[in-house]
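As structure tokens, the structure follows; a few thoughts come after it.
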Amino acid sequence: MKLLVRNLARTITETELLALFEAHGEVQSCDLVMDQESGKSKGFGFVEMADDSAAQAAIDALNGTKQAGNKIRVKAADEKPETPAEEQIWPEQEGE
6 MKLLVRNLAR
16 TITETELLAL
26 FEAHGEVQSC
36 DLVMDQESGK
46 SKGFGFVEMA
56 DDSAAQAAID
66 ALNGTKQAGN
76 KIRVKAADEK
86 PETPAEEQIW
96 PEQEGE
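Following this line, the structure appears as structure tokens:
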């Protein structure tokens with residue numbers, strides 16, 4: 006399950022973010038979103054956990070907790086479609 010973690014302190018590192026979630030289960034990936042110009046954190050990231058029950062346990066344990074002075078928000082990330090919306094073929098478009 007992929008999780009969205011918001012309201013992170015701008016000073017948090019991927020290593021620190023990873024450590025928060027590893028306490029709740031196996032982490033498959035951890036990506037802190039960085040500003041391309043400044044190289045600093047944008048204050049949110051994504052964590053993907055191998056097991057859905059471990060991911061839910063992490064949500065329950067970490068959502069609303071203070072980390073480095075910020076009250077973080079953790080929830081399941083919305084899945085984006087594989088194909089951008091403008092490229093999707095809708096049933097009424099087939100065979101036109």
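Going by my numbering, the first residue of the sequence shown is number 6, and it counts up by one from there. Yeah, the Cβ is synthetic: ideal placement off N, Cα and C, and Gly gets one too. Quick caveat, the model's predicted, so the values are computed rather than measured.
query                                                                                                : result
Report yes if the C-beta distance between D40 and K47 is below 9 Å; otherwise report no.             : yes
For Q61, which of helix, strand or coil comes out of DSSP?                                           : helix
Check this for me: beta carbons of G30 and A73, under 9 Å apart or not?                              : no
Which value, in whole angstroms, describes the spacing of the CA atoms of M6 and G69?                : 19 Å
Over the uninterrupted beta strand (DSSP E) stretch that includes A81, give me the two end residues. : 78–81
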